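Notes to accompany the following structure.
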Amino acid sequence: VGGRKNDIANIERAVHAAGFRAEGMMLQPIASSLSVLSDDEMDAGVAMIDIGGGTTDIAIYKEGQIIASKVVLIGGDLITKDIASYFAAPSEHAETLKKTFGSAIVTPGDENEMIEIQRIRNRPSKEAPRSELNFVIEARVEQIIQQVERTIVAALPLEELVAGIVLTGGTSMLSGLTEKFQSELRLETHLGIPGGVTGFTDIVKSPTCSTAIGMLLYALAERRRREEEDGNAFQAMFRRLGTMIGNYF
């Protein structure tokens with residue numbers, strides 16, 4: 007995995023400014039994968055799609071190995087901007103509309119459900135059918151799915167993803183998103199919830215925490231590995247010392 011040196015240096019400076027020290031760097035889709043994918047899924051073939059605010063991070067696994075990854079510069083924030091632009095609504099209200107009434111799939115009943123739209127610069131509020139909101143959302147979601155499909159087929163045939171697709175990240179909780187992915191790509195799709203942690207589960211057992219939990223799991227595994235190596239080295243030293251003493255006497 008490679009990265010631009012200036013970007014990495016900026017991240018390290020930001021961490022240092024916050025009073026911490028960076029132990030290492032990790033690609034976001036790999037971190038998310040560690041918290042939401044099982045070994046069996048990675049062996050069978052799976053695509054982990056982390057849809058956050060600014061990006062959609064893709065990691066594809068087969069036979070236990072990551073075979074492709076990509077970061078697409080489209081995420082939930084762009085969906086919010088689309089809504090704000092279409093309705094001339096404040097960004098904060100557009101985000102509320104997305105979370106409260108939004109769906110990645112337009113259904114027949116949406117045409118009959120009216121929602122109130124607040125608008126910018128003291129413009130009067132207006133009512134619009136929920137279908138209008140969801141048409142805006144669906145268009146951007148379809149663009150994300152197209153990018154995901156291109157990334158997958160560049161790595162392997164879709165049918166080789168035996169374990170399908172796992173969605174995670176904050177935007178993955180958008181209503182209808184898993185169904186939309188499954189319908190468009192014809193692959194089993196489900197929501198990935200971070201695992202491997204205890205305590206505060208009501209907070210951390212959310213797709214929004216997948217990357218952070220994955221990084222913590224990796225750091226803990228590395229610490230255990232180092233402790234085991236140190237312990238083995240310590241035991242080996244005592245064995246050598248015992249041999250030396252035995253030979254001496």
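Quick note on numbering: the sequence shown equals residues 7 to 255 in this note's numbering. All C-beta atoms, glycine included, are put in the ideal place defined by N, C-alpha and C. No experiment lies behind these values; they were computed from the predicted model shown.
By DSSP's criteria, residue i is part of a beta bridge. Which residues make up the other side?
{"i": "Y67", "result": "V52, I72"}
{"i": "L79", "result": "L79 pairs with nothing; no bridge assigned."}
{"i": "I126", "result": "I126 pairs with nothing; no bridge assigned."}
{"i": "M120", "result": "P135"}
Rounded to whole angstroms, what is the Cα-Cα separation between residue i and residue j?
{"i": "M120", "j": "F93", "result": "14 angstroms"}
{"i": "M31", "j": "K211", "result": "23 angstroms"}
{"i": "D83", "j": "A134", "result": "22 angstroms"}
{"i": "Q124", "j": "N16", "result": "39 angstroms"}
{"i": "T174", "j": "G201", "result": "12 angstroms"}
{"i": "P114", "j": "R19", "result": "51 angstroms"}
{"i": "E101", "j": "R136", "result": "15 angstroms"}
{"i": "G252", "j": "E234", "result": "Confidence at G252 is low in this model, with a pLDDT of 48, below 50, so its placement is unreliable and the value that follows should be read with caution. The alpha-carbon atoms of G252 and E234 are separated by roughly 27 angstroms."}
{"i": "F255", "j": "A24", "result": "With a pLDDT of only 40 at F255, under the threshold of 50, the placement of this residue in the model should not be trusted; the figure read from the coordinates follows. If you take the alpha carbons of F255 and A24, they lie about 57 angstroms apart."}
{"i": "E185", "j": "H22", "result": "42 angstroms"}
{"i": "A50", "j": "R146", "result": "30 angstroms"}
{"i": "Q71", "j": "L197", "result": "21 angstroms"}
Less than 8 angstroms between the CB atoms is what I'm expecting for residue i and residue j, so what's the real figure, rounded?
{"i": "V42", "j": "T61", "result": "Their Cβ separation, rounded to whole angstroms, is 16 angstroms, which puts V42 and T61 out of contact at 8 angstroms."}
{"i": "S75", "j": "I57", "result": "The pair is not a contact, with the Cβ atoms about 15 angstroms apart (cut-off 8 angstroms)."}
{"i": "G220", "j": "A37", "result": "4 angstroms"}
{"i": "A110", "j": "S181", "result": "7 angstroms"}
{"i": "I80", "j": "A161", "result": "Contact flag wrong, Cβ pair sits at about 19 angstroms."}
{"i": "Q34", "j": "T217", "result": "5 angstroms"}
Which of the three DSSP states is assigned to residue i in this structure?
{"i": "P135", "result": "strand"}
{"i": "E194", "result": "coil"}
{"i": "L103", "result": "helix"}
{"i": "V112", "result": "coil"}
{"i": "L167", "result": "coil"}
{"i": "T174", "result": "strand"}
{"i": "A62", "result": "As written in the sequence, residue 62 is Thr, which differs from the Ala given in the question. In the structure shown, T62 sits in a strand (DSSP, three-state: E or B)."}
{"i": "I14", "result": "helix"}
Would you mind sorting residue i into buried or exposed? The rule is 16 or more other CB atoms within 10 Å of its CB.
{"i": "F141", "result": "exposed"}
{"i": "V154", "result": "buried"}
{"i": "E47", "result": "buried"}
{"i": "E29", "result": "exposed"}
{"i": "F187", "result": "buried"}
{"i": "I14", "result": "exposed"}
{"i": "V6", "result": "Missing from the structure shown is residue 6; the chain here goes from 7 to 255 and no further."}
{"i": "K257", "result": "No answer is possible for residue 257: it lies beyond the span of the chain, which begins at 7 and ends at 255."}
{"i": "Q152", "result": "exposed"}
{"i": "K11", "result": "exposed"}
{"i": "L226", "result": "exposed"}
{"i": "I209", "result": "exposed"}
{"i": "A177", "result": "In the sequence under discussion, the amino acid at residue 177 is Thr, which differs from the Ala named in the question. Under this definition T177 is a buried residue."}
{"i": "P213", "result": "buried"}
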